[in-house]
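Quick notes on the structure that follows.
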Amino acid sequence: MVRILVIEDEIIIGRFIERHLRTNFDCEISVAVSAAEARAAMASFLPHLLLCDIQMEEELSGINLITELRRRYAFEVIYITSYQNRSIIEKAAATNPANYIIKPIDESQLFAGVQIVMSRLETDAQTGKAYLQSNTLFTEMELRILRLIREKKTTIAIAEDLHLSRFTIKNHRHTICRKLQLSDENNALLKWVVQNGNLLK
Amino acid sequence: MLLALLLITIAPAAGRPLSPPLLAGQRLILSSHLSMVEDSKGLMSADSLFRNPQGFQPLTNGWKGNPTSYYWLRASIHSDSISPSRVLSFSHLTYVDIYLYSNNGLVLHKLAGAFRPRDELSEGDGRLFTILPLQPGKDYTILLQVHHTKHYQPVFDFQMQSKRVFFDGLRLRETFDAALLGAVCLFFLYTLLSWIVSRFRPYAWLLLFISGIGLYVIGSSGYLIEWLSPQDPEAGWMMNVHFLHAGMLGLYFLLADFWRLRTDFPRFYTWVRWVPAIIAVSSIASFCIDYFTSNYTLTATIACVEHPVMLAFIVSALYTCWSRLSPAQRYLGYGIMLCGATGLFITVNAMVNEERAIATSSVVGDCIVLATVLLFSTGLKEEMRHHEVAKQAALAELNRLQQHQNSILENKVAERTEELAISNKRLLKQKQLLGERNTKIETLINELNHRVKNNLQLLYSLLSLQLPMVKDGASREILKGNIGKIRAMMLVNQKLFNFDQGRGVSLCEFIGEMAAHLQKIYDTREKTRILQDIPAGIRLTDRHTLSFGLILSELFTNTFKHAFKDHADPCIHVQAKSLNGNLLEFIYSDNGMGIADNDNDERFTMGIPLIRDLTRQMNGQMSINEESGLSYCFTIPV
């Protein structure tokens, strides 16, 4: 099921959007009324799609928030805003949003704006995840090895690249497999990397 | 002079006894009366030679012998009766012993010579003359032992004069020398002062030139020996040539500096800069030769070789530079020419006359110094005048430039002023535009405010008009709730868009107005008491006002709708207080029936969650208490 996070500082509007999406799409929805709530929701809820108001508390804070979240999570975003200013639209475009809905919104606009993105999300496994960070699951060295595996390099090639012995690399691969709870064979790790390569940054 | 020539031509035969009835002022050249014997080792004694005069040969013109041998000269004198005392004088010989014999034997033995120490000379004698106290009417024999150590061919130019005439001549010569020397000293002082005053370097070189040549002249005349080293005349004599060299150096530097050879004639300068070195080398060589061998002839020869070098330098300098010299510099050129000519004269003179040239060169040297200094001074004056003229011209030019600069500055100031005026005008225009814009914005904002108010008013009016048409009870309640919320929005709008008041909305005032409006909608009979316990100072921030207004509207609506069904003394109590400055505690309570009695009440499907949501939006906390009636407690950051 697609997870959607609505970031809107007017809770009543947020509830309106929530209600409407719930009736039209098969999805889980959460509403955040501030940047702090949004950050907390991102970690626990891992949404596939964000509907974000650009003007929250201060000007452009929505865009800043999305820029910040983009570094750590894989998601699609739709901006909902009353701004029609060209420069703000350009700034918003820099964060690569999936769509841009201009207030005031009614049910049909909301449906059309979200529908386009939803149809894509249902077939796409790339969003709704956090990027792998060196301080969470893996060490920096393991992340480097994973990136090299993503480049289809063999253990020997990786050892040459990193100026390490191939036994060390094998050791690392073993640790990674254990952390990912994969069976300790080369193909399992390679498959995992092919599927989750985009999370490696 | 003519008399002297006459005397020489009619000179009596050599060796004849001398019987000079000398008239006053006449001078007797002894050379034709002398006979000579060479004593190469200096072993002979005067006595033996007096007794045995056989070896003496008559003195002939142009004889040659070993220059450094001892020579004995002999002459017989018959003194007259008028002025018996005679002075025997000569010009250059370095050591002369004078023996005077009468028939009775040795009468007198005196020492003379250019290199004799002072204390070996007799009282009243000079180095180059001696007094012979002859008795009248007696016969004498003079024996002279001559030892000339300068390596020149000795010239026996002995002369005899009456004492008075000789000393008159000597005094005359000394007076003349003193006059010349005085003139040179005057010029020296003048140049020194000029140098001190003007700090113009050529003056320093001119000083060197004057002092070099002047000292050379003084030294050549023997005065320097008399003043500085009477006990060691030879040492004093040795210095002469160095003075000459110093003078030449002075002349060279004067020329090089004043004509600016280094900058104006660099190619010529590369050649002539060796001249001082040549002079220095020859000076050192001369000193060594004089000191170790006393061979003054050789020194003179070196000088004679060196002089053509100087001459060549002068001629080439004149030839190279003349066409490009300024008039002032040309004056020095004339002086240099004069020096060159003199140098040529002295050199030729020295080559022909050898030692005798020294006598003439001193006077010529003095004269040349005077002439050169005069010419050079004229040149310098000319130069100074040119400088003055140039300075005046430069000053005038400077003045003109200054004026030009001033006018440019004035123009600039005028331009700048104009620019400033233009930019001022532009600023004024901008200010005007800004003002216009401001009023436009103000108009727009007023317009916007008006529209918002109007729209809210329209909605309010529309719903209020439709209210009587709705018969269904539930729908009526919803409509009433919405009318209340719109009323709340209108109120917030009115409070927020009041420019004149400070930021924020007074809580007390706000709640009072909200309560009054909602009571009008729900409690038309105004049965309910509304108690407020809110300090006047508490204000709500702009951001929270609308949410808070909506919460209030919801709370009042709930109470009016559900709490007081047939209640005898309905009462609503509103309290607020500030907690540690940044938290607001707000308590709303009614004394109606609680939630328990209305379990399926609609207010719990829509009302309370909305209140919760709005509290969350304000980042606040909320709790519900049901002890007596219903009580809500909020804590909201402000």
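Chains as they are written, first to last, in our numbering: chain R, 21 to 221; chain V, 732 to 1369.
Ideal placement from N, C-alpha and C gives every residue a C-beta, glycine not left out.
Counting only Cβ-Cβ distances below 7 angstroms, GLN1133 of chain V has no contacts in chain R at all, with the closest Cβ about 56 angstroms away. If one requires a minimum length of 3 residues, the beta strand (DSSP E) runs lying completely within the region 778-843 of chain V are 801-809, 817-820, 826-833, 836-843, in chain order.
Secondary-structure assignment with DSSP links GLN146 of chain R through no beta bridge to anything. For TYR103 of chain R, there is no enclosing alpha helix (DSSP H), as DSSP marks it with neither H nor E.
Within the region 966-1022 of chain V, no run of beta strand (DSSP E) at least 3 residues long lies entirely inside it. Straight-line measurement puts the Cα of THR195 of chain R at about 10 angstroms from the Cα of GLN201 of chain R. In the three-state reduction of the DSSP assignment, VAL1183 of chain V falls in the helix class. GLY786 of chain V and ARG847 of chain V have their alpha carbons spaced roughly 28 angstroms apart.
Here ALA114 of chain R is not near ILE98 of chain R, since their CB atoms are 8 angstroms or more apart. In this structure, GLY1235 of chain V places its C-beta atom within 8 angstroms of the C-beta atom of LEU1271 of chain V. Listed in chain order, the beta strand (DSSP E) elements of length 3 or more contained wholly in the region 109-190 of chain R are 119-122. Per the Cβ contact rule, the region 995-1007 of chain V is not in contact with the region 942-954 of chain V (fewer than 3 Cβ pairs under 8 angstroms). What LEU1345 of chain V touches in chain R, judged by beta-carbon distance under 7 angstroms, is ILE31, going in chain order. For ALA1294 of chain V, there is no enclosing alpha helix (DSSP H), as DSSP marks it with neither H nor E. In the structure shown, PRO867 of chain V adopts coil according to DSSP, grouped into three states. With 16 or more other Cβ atoms inside 10 Å of its own Cβ, VAL827 of chain V counts as buried. Here SER102 of chain R is exposed: its Cβ has fewer than 16 other Cβ atoms, across all protein chains shown, within 10 Å. Using a Cβ-Cβ cut-off of 8 angstroms, SER54 of chain R counts as an interface residue toward chain V, since at least one Cβ of chain V sits closer than that to its own.
Taking 8 angstroms as the cut-off, the Cβ atoms of GLU1208 of chain V and LYS1296 of chain V do not count as close. Under the criterion of beta carbons closer than 8 angstroms, LEU852 of chain V and ALA843 of chain V qualify as touching, at roughly 7 angstroms.
Contact between the region 1070-1077 of chain V and the region 1010-1025 of chain V is absent: fewer than 3 CB-CB pairs across the two stretches fall below 8 angstroms.
ARG1157 of chain V sits in a helix when the DSSP states are folded into three classes.
Not a single CB atom of chain R sits nearer than 8 angstroms to the CB of ASN1289 of chain V. When DSSP states are grouped into helix, strand and coil, LEU1271 of chain V belongs to the strand group. Neighbours of GLN1352 of chain V in chain R, taken as residues at a C-beta separation under 9 angstroms, are lacking, since the least C-beta distance is about 14 angstroms.
The Cβ atoms of ALA1205 of chain V and LEU1283 of chain V lie no closer than 8 angstroms to each other.
Comparing alpha-carbon positions, the option among V:SER1195, V:ASP1254, V:ARG1182 lying closest to PRO1301 of chain V turns out to be V:ASP1254. Using a CB distance cut-off of 8 angstroms, GLN1348 of chain V counts as an interface residue toward chain R.
PRO1039 of chain V: member of the alpha helix (DSSP H) spanning 1027-1052, first to last residue. In this structure, the straight-line span from the alpha carbon of ASN191 of chain R to that of LYS211 of chain R is close to 19 angstroms.
The residue from V:GLN866, V:LEU1159, V:LYS841 with its alpha-carbon nearest to that of GLU854 of chain V is V:LYS841. Excluding the 5 residues flanking it on each side, ARG167 of chain R has same chain C-beta neighbours closer than 7 angstroms at LEU220, in chain order. Following the DSSP letters along the chain, one finds ALA52 of chain R inside the beta strand (DSSP E) bounded by residues 47-52. Among the residues of chain V, those whose CB is under 7 angstroms from the CB of ARG35 of chain R are ASP1344, following chain order. Closest by C-alpha distance to MET161 of chain R, out of R:GLU142, R:THR174, R:ILE176, R:ARG193, is R:ARG193. GLY981 of chain V and PHE1107 of chain V have their C-alpha atoms some 13 angstroms from each other.
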